[in-house]
Structures are given as structure tokens and as C-alpha cells.
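Written below as C-alpha cells is the structure these notes are about.
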Amino acid sequence: QTFYVNPGNAQQFESSIVTASGEVKQNLQKMQKVPSAYWIDKKEKIKGSSKRHMEGLLQDAASKPKPELVVLIWYDLPNRDCDAKASNGEICCAYKDDGRCDYMKTGDCADGIYEYKTTYVDPYVEVLQEFQDKVPIVVILEPDSLPNLATNVGHPKCGNPATSYAYKEGVK
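Each residue of the sequence shown is one higher than the one before, counting from 1 in the working numbering.
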């Protein structure tokens, strides 16, 4: 099976390749052709025709003479990556006044789960269904958030019942 290489990533490499030389340039040219998974870590990355959107990637992969395998990372649980310093999610169980997640607020995360299912899960699944018979797809589910259920249970943000519930309910 041939893996899909995102042309958008290849273009990004090009700006570094033109200024590089020697072994660095050769390595960048090799890396430019390496397939990689595409992280769908924001709702806005699901629908759209550009190669920066899941839908656009799948359209492009399906247009090949032999459709190429696309690997996607599903990554937007409520209170996502509760121990993160840089990759906090956009969907919260509860929000602070400034719009950031309130990881310390307890509860059942019903609002966060509803937002997640209606604005992330449903559109994501809709696009997957559109392409399920057109292109091979692998989806990797929450590789960074789910481990927090085991490794960071003592962390107040991760051990919070709302976060724990959101992670377990969100992957059903």
C-alpha cells in the first residue's frame, strides 16, 4: 500500500531546501517525500478543500490513479491533553471567563461532550463516510490525551472527574 504524502508539507520543506546545502539539503529533500500522519486537532481542519483540511487531503488521495493510504490523528477531546504546556485543546468541559479551559471545575462535562460530538465527531465521521469506499484511511485515536488517564491521574487537571469522564466518554 502506498502512503499519502501531503503536498502541503512538501511545499513547506521547499522553503528550507532552497536555502540549505550539502547533507542538510539532501536530508530535507528525502524528508520532503516521507509520508506522515495528519493531526486533526482543531474543528476547522475537518471540512474544506485545501490540503490543510482532512476533506481536501482525502479528495487528493482519492484522485490518484491508485488511491493512497491516508493516516489521520483524531485529537480534540474535551480538556484535551490536560497536562500540556502547548497543545491544550479547543473544547472544554467548562470554560473560564477568558475562554480557556477550567480544568479544575468538576462535573460531568455534559456541555463539553455535546460540543465535541456535534462540532468535531459528527463532521469528522461525515467526511470519513464520504471517503470510506474511495480511499484507504487509518485513524489513530487520541495518542497524547488517552495516556494521561494512566500516567497523570495524580495531576489535578488530569485527575479531575470531569476530564476523566470526558476522555472515557469521548472515545466511545
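Ideal Cβ placement from N, Cα and C applies to all residues, glycine included. Quick caveat, the model's predicted, so the values are computed rather than measured.
Pro78 is positioned such that its CB atom lies no closer than 8 Å to that of Ile40. Judged by DSSP in its simplified three-state form, Ile17 adopts helix. Excluding the 5 residues flanking it on each side, Lys51 has same chain C-beta neighbours closer than 7 Å at Asn6, Pro7, Gly8, Leu57, Asp60, in chain order.
Straight-line measurement puts the Cα of Thr118 at about 32 Å from the Cα of Gln12. For Asn148, the closest C-alpha among the options Thr163, Asp98, Lys33 is that of Thr163. Look at the segment 23-106 and you find these whole runs of alpha helix (DSSP H), each 4 residues long or longer: 54-62. DSSP places Leu149 within a helical segment (H, G or I) once states are collapsed to three.
For Lys157 and Cys82, the gap between their C-alpha atoms comes out near 6 Å. In this structure, DSSP gives Val171 a state outside helix and strand, which the three-state scheme calls coil. Taken through DSSP and simplified to helix, strand or coil, Val121 comes out as helix. Within the same chain, and ignoring the five residues on either side of Tyr165 in sequence, the residues whose Cβ sits closer than 7 Å to its Cβ are Asp108, Cys109.
In the displayed model, Val127 falls within a helix according to three-state DSSP.
For Val5, no beta strand (DSSP E) run applies, since DSSP gives it neither H nor E.
Counting C-beta atoms within 10 angstroms of its own C-beta, Val70 has 16 or more neighbours from the protein chains shown and is therefore classed as buried. Under the 10 Å beta carbon count, Val135 is surrounded by 16 or more other beta carbons and is classified as buried. In terms of Cβ geometry, Phe131 and Glu68 do not form a close pair [threshold 8 Å].
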